[in-house]
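See below for the structure under consideration.
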Amino acid sequence: MGQEEADRFRLVSYSSLRQGIDPRIPLSIVWLFLMFILVTGLIFLTPLTTARHNPYDRLHEIHDWQQVPRDNIPTRYDLYFKFFLPYRPGVDFGRRNFTFDGFAKITFRCERPNQKILFHSIRQGNFLIQVFDEKQHEVKITDFYHNHTQEVLHIDVEDVLTLGATYTVQLNYTGIFLNANWTGVYAAPYQYYKEKHWMLTTHLQTVDARRMFPCLDVPEAKAKFQVQNLI
């Protein structure tokens with residue numbers, strides 16, 4: 001092809017594009033662009049529609065990993081404790097010394113449909129847990145576990161809790177009340193006629209109630225309490 005023919009070919013091609021003689025070129029570009037948008041959208045939307053609800057997604061505290069979402073708000077705590085306190089020489093409960101049996105009946109209101117009940121809890125174990133709805137029908141528990149790092153007790157239920165409904169959690173558990181920090185419920189030593197005695201005391205502020213019973217342990221959480229202690 002000579003120079004004159006090459007120039008004529010380029011001129012004809014340019015003229016054809018200008019006049020839109022071959023409309024398939026712009027349509028194919030538009031088609032590819034639309035397909036790209038569709039595929040990209042499916043890629044990004046699919047995880048959003050299948051991902052499980054993250055119960056921590058509404059928290060804004062600095063240490064949100066240690067917080068409990070406000071999906072379920074306790075309104076009443078009925079608590080019972082039996083303490084094994086060797087308060088003076090000669091009183092000995094063996095391996096049960098400085099431990100306690102706890103029972104907590106926690107009534108809460110569902111503020112957001114969910115399948116996970118969370119309470120602050122620390123230094124507690126041997127849990128026996130039941131959940132009931134407003135009609136006292138038992139709600140099936142699929143799993144529960146205690147995250148000691150987060151200080152949170154997780155209770156997973158089979159059915160989605162209903163917004164605005166009231167539920168009750170009943171927990172039997174054991175705990176320890178001998179600690180060097182003097183927080184939560186603890187045994188404090190004192191001298192009585194040159195003998196070492198122990199007394200039982202509590203320090204539940206600001207976030208140490210969780211050492212005594214599972215709860216929503218934040219200052220702004222208000223609820224009614226009924227407590228029975230046996231020593």
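Residue 1 is where the sequence shown starts when you use UniProt numbering, and the numbers rise one by one after that.
Note that beta-carbon positions come from the ideal geometry of N, C-alpha and C, so glycine has one too.
Being a predicted model, the structure only gives us computed values, none of them experimental.
- Exclusion of the five residues before and after F93 leaves F84, P86 as the residues of its chain whose Cβ lies within less than 7 Å of its Cβ.
- In the structure shown, the three-state DSSP call for R96 is helix.
- Unbroken beta strand (DSSP E) stretches of 3 residues or longer found wholly inside the region 65-124: 72-84, 99-110, 116-120, given in chain order.
- Judged by beta-carbon spacing, C110 lies within the 8 Å limit of T162, meaning their Cβ atoms are closer than that value.
- If only complete runs of 3 or more residues are kept, the region 122-186 shows the beta strand (DSSP E) at 124-132, 141-147, 152-157, 166-176, in order along the chain.
- Annotation for V207: no beta strand (DSSP E) segment contains it, and DSSP assigns it neither H nor E.
- By the criterion of a C-beta distance shorter than 7 Å, K105 is surrounded in its chain by D78, T168, Q170, once the five residues flanking it on both sides are discounted.
- Per DSSP, the beta bridge partners of P189 are W198.
- Across the set H154, I176, Y190, E138, the C-alpha of H154 shows the shortest separation from the C-alpha of F144.
- For the pair N172 and K224, the Cα-to-Cα distance works out to about 20 Å.
- When secondary structure is reduced to three states using DSSP, F213 falls in the coil class, being assigned neither helix nor strand.
- When secondary structure is reduced to three states using DSSP, K222 falls in the coil class, being assigned neither helix nor strand.
- One Cα belongs to R95, the other to R123, and the distance between them is close to 16 Å.
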